[in-house]
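Numbering-wise, the numbering used here puts 151 at position 111 of the sequence shown, and it's gapless, one number per residue.
Every residue, glycine too, gets a C-beta built ideally from N, C-alpha and C.
Note that the structure is predicted; figures quoted are calculated from it, not measured.
Input: a single structure, listed below in structure tokens.
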Amino acid sequence: MRYLGAILVVGFGLLFFACDEEEALSVVEQYNLEQEKIDNYLTENGITDTLIHNPSNIRYTINAIGDGITPLLSDSIYVDYEGRFLDTEEIFDGNEELGMILGQTILGWQVMVSEMREGDDYTIYLPSYYAYGTHGSGSTIPANATLIFDIRLIRVAN
41 MRYLGAILVV GFGLLFFACD EEEALSVVEQ YNLEQEKIDN YLTENGITDT
91 LIHNPSNIRY TINAIGDGIT PLLSDSIYVD YEGRFLDTEE IFDGNEELGM
141 ILGQTILGWQ VMVSEMREGD DYTIYLPSYY AYGTHGSGST IPANATLIFD
191 IRLIRVAN
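Below, the structure written as structure tokens:
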């Protein structure tokens, strides 16, 4: 009888964790769910006529077209940007003329900014797979956060 309580506790613990694992979405399921959220957001906000799909299936709009050079992943880039959560449109980050190495940014930026030219201004809609994934970023960006970035590529430096 003494061990019955311990066995029940362990059994319920295993059942609890097994249920959590079953409820967790696979990477593909999470990606598809977030793409659907993005598509619904775009439709609800009338952003369908100007929408473009990148070959990686990232949705974006071009707000302004520049005529400068296109960066490589090894280049330093200078950007004005603002990051928002898709669900709330709350701004979580932004900066003017921030310099960084393109290859050290999140995957969605690497994919999209490498297509931009100096002077281009894009709005990109990123599922968490292309952003901060299942871990998020610190206390600011939660796991599986679907994000919107307005990015203006100011300058590319080799």
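Original post:
Would you call the CB atoms of Y118 and I191 closer than 7 Å?
Top reply: No, Cβ-Cβ distance for Y118 and I191 is not below 7 Å.
Original post:
Nearest to S116 by alpha carbon, out of L142, E136, I98?
Top reply: Nearest of L142, E136, I98 to S116, Cα basis: L142.
Original post:
So who's on the other strand from N135, going by DSSP bridges?
Top reply: Answer by DSSP bridge pairing, in chain order: Y121.
Original post:
Do the segment 72–86 and the segment 133–152 make contact, defined as three or more Cβ pairs closer than 8 Å?
Top reply: Because the criterion of three Cβ pairs below 8 Å is not met, the segment 72–86 and the segment 133–152 do not touch.
Original post:
In angstroms, rounded to a whole number, what distance separates the CA positions of Y121 and E136?
Top reply: Distance between Y121 and E136, taken at the CA atoms: about 7 Å.
Original post:
Which of helix, strand or coil does DSSP assign to S168?
Top reply: Correct three-state label for S168: helix.
Original post:
If you draw a straight line from the C-alpha of K77 to the C-alpha of P182, how long is it?
Top reply: Rounded to whole angstroms, K77 and P182 show a C-alpha spacing of 16 Å.
Original post:
Just how far apart, CA to CA, sit I164 and A171?
Top reply: Cα to Cα, I164 sits roughly 11 Å from A171.
**OP:** Take the Cβ of V196 as the centre, count every other Cβ of all protein chains shown within 10 Å, and call the residue buried at 16 or more, exposed below.
**Re:** Buried, because 16 or more other Cβ atoms sit within 10 Å of the Cβ of V196.
Original post:
beta strand (DSSP E) containing D190: first to last residue?
Top reply: 187–197 is the span of the beta strand (DSSP E), which, as asked, contains D190.
Subject >> Local conformation of I87 per DSSP, three classes >> reply: Looking at I87 - three-state DSSP - the assignment turns out to be coil, as it is neither helix nor strand.
Subject >> Cα-Cα separation, L65 to G106 >> reply: Computed Cα separation, rounded: 40 Å.
**OP:** Please work out which residues of its chain come closer than 8 Å, Cβ to Cβ, to T90, disregarding the five sequence neighbours upstream and downstream, and give them in chain order.
**Re:** Closer than 8 Å at Cβ, skipping near neighbours: T101, I102.
Subject >> DSSP state of M156 mapped onto helix, strand, coil >> reply: Here DSSP, grouped into helix, strand and coil, assigns M156 to coil.
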